[in-house]
Every structure is written in structure tokens, then in C-alpha cells.
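J.: Residue numbers (this note's numbering), protein chains in the order written: chain A, 1 to 446; chain B, 1 to 244. Even for Gly, the Cβ is constructed at its ideal location relative to N, Cα and C. For clarity, every value in this text was computed on a predicted model and none was experimentally measured.
Right under this line is the structure:
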């Protein structure tokens, strides 16, 4: 097995030595996540439907959010607004298809619409047009009404963007998803949530001690995490209900209990526990916490994650041979295989299609040197590896978006630990948090 | 002529050594740089027990260290010093070098003179449990990503086991800690192993397992936050707490 992996490294090295290595690597990731060639898309500013003083500010937020969602989707080539014809189209009657379909815009797709506030409600009408199909250009026509708040302006933009991404990209996008994470900004590590683009950051837990490793349930109703209890202190798996907005009870175990991981059907939780007083080992339990049973006896096994496609495999981290490495086993604990063979490898995260494993790796670890850790992606069948981040401090805790097109992770590249997101091909890197120290992001399943 | 012979012997010797070394390392990866010389440190007090007002001499020796401190004061790599502690004191030697950090301690027990003509002889104050515990339960330190007990730690734990056994009502929490460089979750597992290593040594020393509780703090409760080896070493430790 060592030889085989070495051959792969050699292949990868040759690949990287070629001038087009970067492009090859990106193509490979795209294949893995079903990304086609980008579609040229123009997103006109929405027209103000009435002169209400709230209309202008909400329309600005709506336009920015919609543009960012589409730009970040990873499937569009956005046509710059400077190429658009004069005048803001607010309805289908305002659209001249040939003007949009020919240079300078030369776009394939166009989205446009209008937004207005009346009686404290914001109303949005939005369309998506296939510019190159004059016989039947309309792909989408949508209408939204909500209370007139900035949060709702963003929410409507996310919904409309996700309609467009779903229709043109084949699978629902990440625009309506959430990211759960740990923040120190209250003075303690607590669980927080935010929209996938970094907006709307909210504190969830109020332990006043330490909360770590938040993992949202596949149905989005609960967040499991590891929290430190007070007197006597112990690490326990804890459960926060997003539906109820408060903690709900969860069985306690002896020893330290860490790093919960959901099966994608929501029925099982894997976690690490020292309840058997033999170091930390991987356990599996019902999602109610009942029926915990031990799967490994590795003394320092942690960070179990189910393959979300099959729930038949669990990836985890173990220090059983020295520095931590990534292992994969069947969900009954059998067939344990080590999949990294050097350095310091932690924090495995399966892609939604169950084919790729993202993880954090200090690939070339030397005595006393533990500097840069980067995010890598492994094709689990071939064990081929592609590096996603480059020389940007310590990067850790990758988590995939539901469409497999984005990865969120923590990095200290800005000087403090913050949360960043990136497209799975390494482009569109952006910082999502700025206040306090923010770590261990976990992307919602929907 | 004599000198020349010596010279040749030296060269031949070195060549033989080189061949031996290269003969041992048959594996293809390039040889790692020679490991830095391991750091050793010893510290002793003579006499180790004095009456109040008397002096004791501390003598220390280190190898492979270039930064040696006695109770935080920079001192020569080896030497001696006279001390006159007013009460029982543990002196702490820290030796740092390319090969790591080594610690050594020596205790000078100070006996108070029995108050001779005092009218009402007050009983000698017995130290509280907390004081006895604090004296015996010194932090123990670990190498990077390791949970192996250093020889010094084994001595500390052997002594601590005796003290705990003498106090059957005690319950002791062993707290495993890591430096900031590893990953958050893996450090919790590593801290578990560090706490468990001390627990096992105490149980081997005869302490009842019921008297011990372990917890890992991973890298969540650092004693310092600087990004240098000194601070990292201080954070790679087990701390002991007497639970009330």
C-alpha cells in the first residue's frame, strides 16, 4: 500500500511540474463535483417599483446579495454591469433580447425584475430569461412578499438566486444555507450561526465555558457539539435545538466526549469518547444518544465523519502510529484503512457525493516544525490528492456546501483565526468573519 | 611524526564511522539532519535539610544546553550557589538547548527551631492539605505530540503517589494540556493520553483508581499564549488539582 501511495505521489508530482498542472487539478475537481463550463449570466439591477423611502435601501441590499450569490455559485461567468444597455429593465416588456444577446453584453442568460415597499411589506418580482431563445425566453418568473426588513431583502435575494442556480446548475445551490461555527467574541467559545455569505451572525449557546465542534443535523433542526460542563468539569455531547432556540437534553457519558458527526439520514451520531478509560475511541449511538457502542480501540481516535452518500463508511483521525493520520473504516468498525501516509493529517470532511475527502494536512512535517497546514482534497477511490489552499498559515476544519461546489474552513492567514470560504477548485476565496476568533465551521445540509 | 600518526588514525576512524553510519541507513529518503544533542540537567542540594538560618549549597550540571535558568535567573551551564531559605523551598532548574528542554528540581527542607522558652508551647502549625498537595503535585511536562512520561515526571509521580496514599480522603483531578500548534480536536485526544499516562503511573504507585479523575483540556486552557518554544513547552503539561 505504501508503494502504491508513493506512485500516486510521484504521478501528482509530475502533474504539478507541468505548466498546466493547476488547470488539470481544477478539471479533476470539477469532474468530481459535476461542474460544467460556466454560463454567461447578466444580472441587471432591479427597478424600484415605487417611491417609498424604504424601497431604495432594500433594493440596494437585494441587488448586492443576488449578485454575490450568483457570482459565488461557481457555475456562472458574470457579465460586468458596465456592458449593460442604458436604463433599468423592471419587467419583461422592458427587455430587448438582441441587445442583451449581442456584444457588448453578449450574455446567454439575463435576470431582472423590480422591488417595492408598501404597507411595510417588500414585494419582489424577478425573472430569468434565456436570451438566446427568443421564441420562449422565460425560464423563471417569481414573486415574493415579506415584511420590509433588510434581513428579508437578503432572504428573498437568496431564494431567487437559489432558484436560478438550481435551474441552471442542476442541483440546489448554497445560497439559502447556513454555517455553524465557534466564536470567542463573548469571551467564551460558544456556538454561532451565520448565512453562508457571512451575513446575519448570531450567538446560539450561552454555556459560559467552552463549546467545540458544532455539527448541524441533516434536517437542520439541531446542532450537536462538545461542551464543557461545570463542577465537575467534563466534556459532553450537547444538543441545541434550532427549532426551539434552546438547549435540549442529551445523555451524558463518562470520560471526555468529543467531535459528534451525524449520519446523513439523521439516525446516528458517531463521536469520540474516553468513557472506557482507555484514551479516546470512536463510538456510535442513536441520534437520541442511546445505545452507544465502541467501534475502535486506538487510544487517540477522534473526528469521526460518516460518508453522507452511503453512511456505510466513517472517516476519522487517529494517532495510533504517532502523528495523527486519516483513516477510513466501515460503519461497524471493521476494515480500518489508513489513507494518509505522512505528516500531520486531521479534520476529514466528506464531499456530499461521498467521493472526495477534504482534510487539513501539514504534509511535510519535520522535527519541531509545525507551521503551515493546508486544506487538501483526496479522491477516496484513487487516493489522488489535490492541494486547495497554499501557504496561508494554518488552515483547518474544512466543511463542504451541500452542492459540493464550496468548502468553508478556518485559517489564521489574516493574523487571527477566521472563517473563509473557497470554491472547490480553489478560486473565489473570501473571508466570512472578522470579529473575535472564529473556528470550526460546519456547513448545513440544506 | 607522532602527531601525523594520530592524524591518520583520526581520519581512518572517521571514515570507518561514516561507513558504519551509511551502512545502517539503507533506506532511500535523505538522512535527516543529526538530531540535536539531548539536554540533560541535574540539580542537588547539600545538605537537603537545614535548620532555619543555616545555608545549603545548590549544585547543578547540564549537558547540551545553552540557556540555563535557576528559578528564572539565568545561570552558568553548571555551577553551585549557596542559599539560605527561610522555609522549605523547591528550587527549579530549567535547561534549554537545541535538543529540547529539561527540568530538574531540588528541595531544601527547613526545620524551624523548636521555640525554647515560650511559655505556652503552640503546636507546630501543620500544613493544610492544599499546601501538602501543592508541594507534591508539580506539573509534569511532555515532548511535542507525545504522551510519554519523562524520567523526571516518573519521579514526581512516584512521590505524589505516596502523598496521595497518605490522604485516603483525597480526590485528585489530572488535567492533560497541549500547546497551541496542533488541531483543536486532535489535541483533546492527545490531552486524554497525557492525563491517562499520569493516572496509570499513580495507579502503579498504589493509588486507588477511584481517587483519580482525568480530564483533557486540549489547547483550550493555555497557561501562556506566546508563539515560542518556551510557552509551548509550558503548555504541554499535566496539571493536578485537589478536588474539594
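#1: Counting only Cβ-Cβ distances shorter than 8 Å, please list the residues of the stretch 193 to 213 of chain A near chain B, keeping chain order.
#2: Which of the three DSSP states, helix, strand or coil, is assigned to residue 63 (chain B)?
#3: Contact criterion: CB-CB distance below 9 Å. Does residue 230 (chain A) meet it with respect to chain B?
#4: With DSSP as the reference, label residue 412 (chain A) as helix, strand or coil.
#5: Alpha carbon to alpha carbon, how far is residue 211 (chain B) from residue 234 (chain B)? Give it in angstroms, no decimals.
#6: Taking only beta carbons into account, state which residues of the stretch 305 to 330 of chain A come closer than 8 Å to chain B, listed in chain order.
#7: Could one say the Cβ of residue 96 (chain B) lies closer than 9 Å to chain A's Cβ atoms, at least one of them?
#8: Output, in chain order, the set of chain A residues within a Cβ distance shorter than 9 Å of residue 56 (chain B).
#9: Would you kindly work out how many angstroms separate the C-alpha atoms of residue 57 (chain B) and residue 48 (chain B), rounded to a whole number?
#10: If I follow the unbroken beta strand (DSSP E) through residue 183 (chain A), where does it start and stop?
#11: With H, G and I counted as helix, E and B as strand and the rest as coil, what does DSSP make of residue 446 (chain A)?
#12: Going by other Cβ atoms of all chains shown within 10 Å of its Cβ, with 16 needed for buried, is residue 422 (chain A) buried or exposed?
#13: Counting only beta-carbon separations shorter than 9 Å, does residue 242 (chain B) have a partner in chain A?
#14: Applying a beta-carbon distance threshold of less than 7 Å, which residues of chain B neighbour residue 302 (chain A)?
#15: Is the beta carbon of residue 402 (chain A) less than 9 Å from the beta carbon of residue 377 (chain A)?
#16: Taking C-beta to C-beta, are residue 163 (chain B) and residue 136 (chain B) nearer than 9 Å?
#17: Taking just the CA atoms, how far does residue 180 (chain A) sit from residue 429 (chain A)?
#18: Which chain A residues sit within Cβ distance under 8 Å of residue 215 (chain B)?
#19: Looking only at DSSP bridge pairs, what is residue 244 (chain B) linked to?
#20: Which term fits residue 115 (chain B), buried or exposed, when burial requires 16 or more other beta carbons within 10 angstroms of its beta carbon?
#21: Going by other Cβ atoms of all chains shown within 10 Å of its Cβ, with 16 needed for buried, is residue 99 (chain A) buried or exposed?
#22: For residue 192 (chain B), would you say it is in contact with chain A, using Cβ-to-Cβ distances shorter than 9 Å as the test?
#23: Give the secondary structure of residue 432 (chain A) by DSSP, where H, G and I count as helix, E and B as strand, and everything else as coil.
#24: To the nearest angstrom, how far is it from the Cα of residue 350 (chain A) to the Cα of residue 442 (chain A)?
#25: Decide if the stretch 197 to 212 of chain A is in contact with the stretch 384 to 396 of chain A; the criterion is three or more beta carbon pairs, one per stretch, under 8 Å apart.
#26: Taking Cβ-Cβ distances shorter than 9 Å, what residues in chain A pair up with residue 145 (chain B)?
#27: Taking just the CA atoms, how far does residue 152 (chain B) sit from residue 219 (chain B)?
#28: Based on DSSP bridge pairs, tell me the residues matched to residue 78 (chain A).
#29: Starting from the N-terminal side, write out each stretch of the beta strand (DSSP E) that is 3 residues or longer and does not extend beyond the stretch 103 to 134 of chain A.
#30: What would DSSP say about residue 238 (chain B), mapped onto helix, strand or coil?
#31: Using DSSP's beta-bridge definition, name the partner residues of residue 147 (chain A).
#32: Need the endpoints of the beta strand (DSSP E) that residue 73 (chain B) sits in, please.
#33: Report the rounded CA-to-CA distance for residue 157 (chain B) versus residue 432 (chain A), giving the unit in angstroms.
#34: Taking Cβ-Cβ distances shorter than 9 Å, what residues in chain B pair up with residue 440 (chain A)?
#35: Could you pull out every residue in the same chain whose Cβ sits closer than 7 Å to the Cβ of residue 296 (chain A), ignoring the five residues on either side in sequence?
#36: Hey, residue 274 (chain A) and residue 289 (chain A) are a contact pair by Cβ (cut 8 Å); roughly how many whole angstroms apart?
T.: With the structure as the only source:
#1: Contact annotation: in the stretch 193 to 213 of chain A, residues whose CB is within less than 8 Å of a CB in chain B are 210, 212, 213.
#2: Strand.
#3: Chain B contact via Cβ: absent.
#4: Residue state, collapsed to three classes: coil.
#5: Distance from the CA of residue 234 (chain B) to the CA of residue 211 (chain B), rounded to the nearest whole angstrom, comes to 26 Å.
#6: Listed in chain order, the positions of the stretch 305 to 330 of chain A with a beta carbon within less than 8 Å of a beta carbon of chain B are 317, 319, 322, 323, 324.
#7: Answer no: the Cβ-Cβ gap between residue 96 (chain B) and chain A never drops below 9 Å.
#8: Per Cβ cutoff of 9 Å: no residues; residue 56 (chain B) is ~37 Å from chain A at best.
#9: Linking residue 57 (chain B) to residue 48 (chain B) through their CA atoms gives a straight-line distance of about 9 Å.
#10: Here the beta strand (DSSP E) through residue 183 (chain A) covers 178 to 183.
#11: Coil at residue 446 (chain A), not helix or strand.
#12: Result: buried.
#13: For residue 242 (chain B), the answer is no, since every Cβ of chain A falls outside 9 Å of its Cβ.
#14: Under the 7 Å cutoff, chain B gives 185, 186, 188, 189.
#15: Against a cut-off of 9 Å, the Cβ pair of residue 377 (chain A) and residue 402 (chain A) comes out as no contact.
#16: It is a contact, given that the beta carbons lie within the stated cut-off.
#17: Computed Cα separation, rounded: 19 Å.
#18: 233, 234, 235, 256, listed in chain order.
#19: Answer by DSSP bridge pairing: none, since residue 244 (chain B) is not bridged.
#20: With a pLDDT of 49 at residue 115 (chain B), under the threshold of 50, the modelled position of this residue cannot be trusted; read the value that follows with caution. Exposed: under 16 other Cβ atoms inside 10 Å.
#21: So residue 99 (chain A) ends up on the exposed side.
#22: So, interface residue.
#23: Residue 432 (chain A) falls in the coil class under three-state DSSP.
#24: Using only the alpha carbons, I get a separation of about 12 Å.
#25: Because the criterion of three Cβ pairs below 8 Å is not met, the stretch 197 to 212 of chain A and the stretch 384 to 396 of chain A do not touch.
#26: The answer, in chain order, is 319, 322, 323, 324, 344, 370.
#27: Taking the straight line from one Cα to the other gives about 23 Å.
#28: A:41, per the DSSP bridge assignment.
#29: Taking 3 residues as the shortest admissible run, the stretch 103 to 134 of chain A contains the following complete beta strand (DSSP E) segments, listed from N- to C-terminal end: 109 to 118, 121 to 130.
#30: Residue state, collapsed to three classes: strand.
#31: Within the DSSP secondary-structure output, residue 147 (chain A) pairs in a beta bridge with A:121.
#32: First-last of the beta strand (DSSP E) with residue 73 (chain B): 73 to 75.
#33: So the alpha carbons of these two residues sit roughly 47 Å apart.
#34: Listed along the chain, the chain B residues whose CB falls inside 9 Å of the CB of residue 440 (chain A) are 184, 185.
#35: For residue 296 (chain A), where only same-chain residues beyond five positions count, the Cβ hits under 7 Å are 281, 282, 333.
#36: The pair is not a contact, with the Cβ atoms about 16 Å apart (cut-off 8 Å).
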